[in-house]
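Protein chains: 2
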Amino acid sequence: MYRVTAQDVAKAAGVSVATVDRVLNERKGVAQTTIAKVHNAMEKLSFVRDQAAADLARGKSYRFNFIVPAGETAFFNDVRREIEAARQNASKNRIEIQMIAVPPLNAEAIVAAIEDLGEDVGDGIAIVAIESQIVRDAINRLRKNGVNVVTFISDIPNSGRERFIGIDNVAAGRVAASLLKRFVSAPVGDVAVVAGSSVLRDHVERRMGFEQVMRAECPHLNVLPWIEGEELAGVVDEKLSKLLAENSNIVALYSLGGGTRGVIEAIEAAKSDVSVVTTELSEHTRDALISGVIDAVLVQDPSHMVRSAVRTLRALTENAPINESQERIRIEIYVRDNLP
Amino acid sequence: MYRVTAQDVAKAAGVSVATVDRVLNERKGVAQTTIAKVHNAMEKLSFVRDQAAADLARGKSYRFNFIVPAGETAFFNDVRREIEAARQNASKNRIEIQMIAVPPLNAEAIVAAIEDLGEDVGDGIAIVAIESQIVRDAINRLRKNGVNVVTFISDIPNSGRERFIGIDNVAAGRVAASLLKRFVSAPVGDVAVVAGSSVLRDHVERRMGFEQVMRAECPHLNVLPWIEGEELAGVVDEKLSKLLAENSNIVALYSLGGGTRGVIEAIEAAKSDVSVVTTELSEHTRDALISGVIDAVLVQDPSHMVRSAVRTLRALTENAPINESQERIRIEIYVRDNLP
DNA sequence: CGGTTTTTGGTTGACGTACATCATTTACTA
DNA sequence: TAGTAAATGATGTACGTCAACCAAAAACCG
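Take a look at the structure:
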């Protein structure tokens, strides 16, 4: 099976390879008529540019940075592990990845990390953003310097970030609500919500989606003010245990952020019959799903997100098209029976 | 940023590039001590083989075939569209993909399609298998001729196929059951099951998983004998409508194969309050989820599966490692709120 | 109309690995 | 021990695209 090369196209079009290359890469300096001739020849021979050869010839290597919170959440542990794995893998393709872990929930730390990069920013950066004007400004400065920026897991709209790699968090909240709506059989009751922090846009959005559905469709369920667990299992356990002890009307619980271990411990200790939806796929949530303490877990796949961020950053820096269907991050629902 | 090449490794190890190359590709003709020296040097310089250069130098192009049923299911329409998309994309990477559509549910047709390929089999083949000895034999013959074989969507174990690209169908059945278990609030009732055909292993397995959970955990629910819908909406509609008319105790329905449109029409017409779980993400199931006719849809992502099949076949033919976490096909659960 | 810029097209050598070929050394056989 | 086979190492070219550099023609300007 013979492969059509730029050489063949050149011959067919009656020009040199250089001209074909110019047309291929949309460089200037080619007459319209020549462009047409080349395009015709490419079509006739059904020429497809060889990606490997192009990559090699370009010789360019890409440098991307990930800025992620250092928090000891099960989820962020996974994320950091996946970034490390991606780093190794990407180096085969001339992609250098660097990960910078910053103190969680701290806008200044994020901005400082960005500034510290200095000339070392490279071609693109993936940031787990938090809602803050100084972060927005920092992102806009990066963009002005020609650095591609994607937000990752937690978005910050109205900034110059080119893409958001993550789930639709409002929808995730809605899913939690519509699952709990079906899981709860009690005619009436209270619903507890455990979140991490109100500066995390993803948490706020999930809460919003959750309340939308609860308000519209579950008049029999009363959503309590949310508990801020600071993504720490200990804090979550303590606050939630207290709430469960005080309030025996709680029939459902949505834990939308980190510290899920604390949720599990509190529920187990309280021995109450509560329908529970959480986030994070860890050994703890797995066990809790199997034992029935938790009913469902809503997840965004860290390995998929990391791969997606790398592919997206690469596509952005070389102005290549993005395969939307591949880059869509799913809101994954896990119950006891479809655990990976 | 300087890139370490095989050249550098050779210099550091005090050998020639050819020797480095032999070590790299595990060719014979190198002394153990030399191999060690080279490995040391590679480690010290943290050498990583440049994938693009390797691909280019190899010059080899891959030829893969997909054998899929021609059935007009929403799902298989998607699958075929995705294969076509993959074909275009893969040609950038020297991968030629050919798709052969065969009459559905027909073992002879699959075998004939394989035989017809003759010398044209190429390097690998992905088959939507059906349970049949002649298919098994055909796969084994392919393997003996050095063709890599993966099964796709529907598996045929005990054959020489190297991998199965698809979901754990028993688990999918279990998921359906454990969802319906929670969705049904009636104290007692019948459960209907609509399937395609008993020669499709994926259908049989889903049914199996469904019954496991139903029997073990839902003594109050009585699973009726399954309806064979032959993956045709018309047939499904007719048979199911009849069943619903005859039996007013039906509180839940699991449609585990094609012809979902028929399910939706029958349920809508019957106006009965049945909890429904189906497969396939199509405009019909989307609408039905939103309107509440269907409660959940269990899906395997066609685009992910096709990409996975191509990556897997490629890895197999060049003996490269497979990234398990990337190739795991999820049992995706869609409810009204996490529709893509 | 000489000189300069702009447009257009050609030539040539990277890029980093794979692999065929040749050269040398070592091991083995009759 | 000559002769051959096997093991090991060195050299050079191909792969297909990119891009720097050069050449020629066309357009422009005072």
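Chains as they are written, first to last, in the working numbering: chain A, 58 to 397; chain B, 58 to 397.
We put the CB at the ideal spot given by N, CA and C, even for glycine.
Chain A residues whose Cβ lies nearer than 9 Å to that of residue i
i, result
"B:E389", "R387, E389, I390, N395"
"B:S298", "Chain A residues near B:S298: none, gap ~26 Å exceeds 9 Å."
"B:S305", "Those do not exist, as B:S305 stays about 22 Å from chain A at its closest Cβ, beyond 9 Å."
Distance between residue j and residue i (C-alpha atoms, nearest Å)
i, j, result
"B:V245", "B:A234", "15 Å"
"B:D212", "A:K101", "40 Å"
"B:N197", "B:V168", "11 Å"
"A:L162", "A:S312", "18 Å"
"A:I124", "A:I184", "5 Å"
"B:D330", "A:I388", "28 Å"
"A:E262", "A:Q155", "29 Å"
"A:S189", "A:A166", "12 Å"
"A:R193", "B:P378", "41 Å"
"A:T208", "A:V159", "15 Å"
"A:D177", "A:N122", "9 Å"
"A:A302", "A:L278", "19 Å"
"A:S148", "B:Q108", "9 Å"
"B:Q145", "A:V227", "35 Å"
"B:F221", "B:I386", "10 Å"
"B:F133", "A:D112", "35 Å"
"B:A195", "B:N376", "23 Å"
"A:G86", "A:V72", "14 Å"
"B:R84", "A:R218", "48 Å"
"A:G223", "A:T336", "14 Å"
Neighbour list for residue i in chain B, Cβ cutoff strictly below 8 Å
i, result
"A:L113", "D107, A109, A110, L113"
"A:F240", "R239"
"A:A228", "D394, N395"
"A:R32", "Residue 32 of chain A lies beyond the range of chain A shown here (58 to 397); nothing can be said about it."
Contacts around residue i, its chain only, beta-carbon distance under 6 Å, and the 5 residues preceding and following it disregarded
i, result
"A:F240", "S332, D352"
"B:H341", "R318, I321"
"A:D225", "none"
"B:R120", "E153, G179, D180"
"B:V363", "E139, I140, A143"
"B:A360", "The identity of residue 360 of chain B in the sequence shown is Ser, whereas the question assumes Ala. Taken in chain order, the residues that qualify are E139."
"A:D135", "P359"
"A:A290", "G316, R318, G319"
"B:I92", "V80"
"A:A372", "I379"
Residue i versus the options, residue with shortest Cα-Cα distance
i, options, result
"A:R115", "A:H96, A:I347, A:N82, A:D259", "A:N82"
"A:S365", "A:L396, A:P161, A:E139, A:Q190", "A:E139"
"A:P276", "A:D247, A:E288, A:V292", "A:D247"
"B:V308", "B:V293, B:E287, B:L281", "B:L281"
"B:E288", "B:R200, B:S242, B:A131, B:D358", "B:A131"
"B:L174", "B:L199, B:R151, B:N150", "B:L199"
"B:V61", "A:S216, A:G286, A:R151", "A:R151"
"B:N215", "B:N202, B:G203, B:R258, B:K238", "B:R258"
"B:Y59", "A:A273, A:K117, A:Y59, A:G223", "A:K117"
Beta-carbon contacts of residue i that lie in its chain and below 8 Å, excluding the five residues immediately before and after
i, result
"A:R231", "G266, F267, Q269, V270"
"B:Q383", "S365, R368"
"A:R264", "G230, V250, A252, W283, L313"
Chain-ordered neighbours of residue i on chain B, where CB pairs are closer than 9 Å
i, result
"A:N205", "The premise fails here: A:N205 is roughly 18 Å from chain B at the closest Cβ pair, so nothing lies under 9 Å."
"A:N150", "D107, Q108, A109"
"A:R264", "None at all; the shortest Cβ gap to chain B is about 14 Å."
Residues that residue i contacts on chain A, provided the C-beta gap is smaller than 8 Å
i, result
"B:V232", "V392, D394, N395"
"B:S360", "S382, Q383"
"B:L236", "V392"
"B:S312", "What B:S312 touches in chain A: nothing, since even the nearest Cβ is about 17 Å away."
Residues of its chain near residue i, where Cβ-Cβ distance is below 7 Å and the 5 sequence neighbours each way are ignored
i, result
"B:L338", "V354, V356, Y391"
"B:T374", "Y119, D180, G181, N205"
"B:V66", "V77, V95, A98, M99, L102, F104"
"B:R393", "L346, I347"
"B:D294", "G319, E322, A323"
"A:L396", "R343, L346"
Whole-angstrom C-beta distance between residue j and residue i, which should lie under 8 Å
i, j, result
"B:I171", "B:V256", "Actually they do not touch by this definition, with Cβ atoms about 17 Å apart."
"B:V334", "B:L236", "6 Å"
"B:A63", "B:V74", "5 Å"
"A:S242", "B:S242", "6 Å"
"A:A326", "A:S298", "6 Å"
"A:E274", "A:K238", "6 Å"
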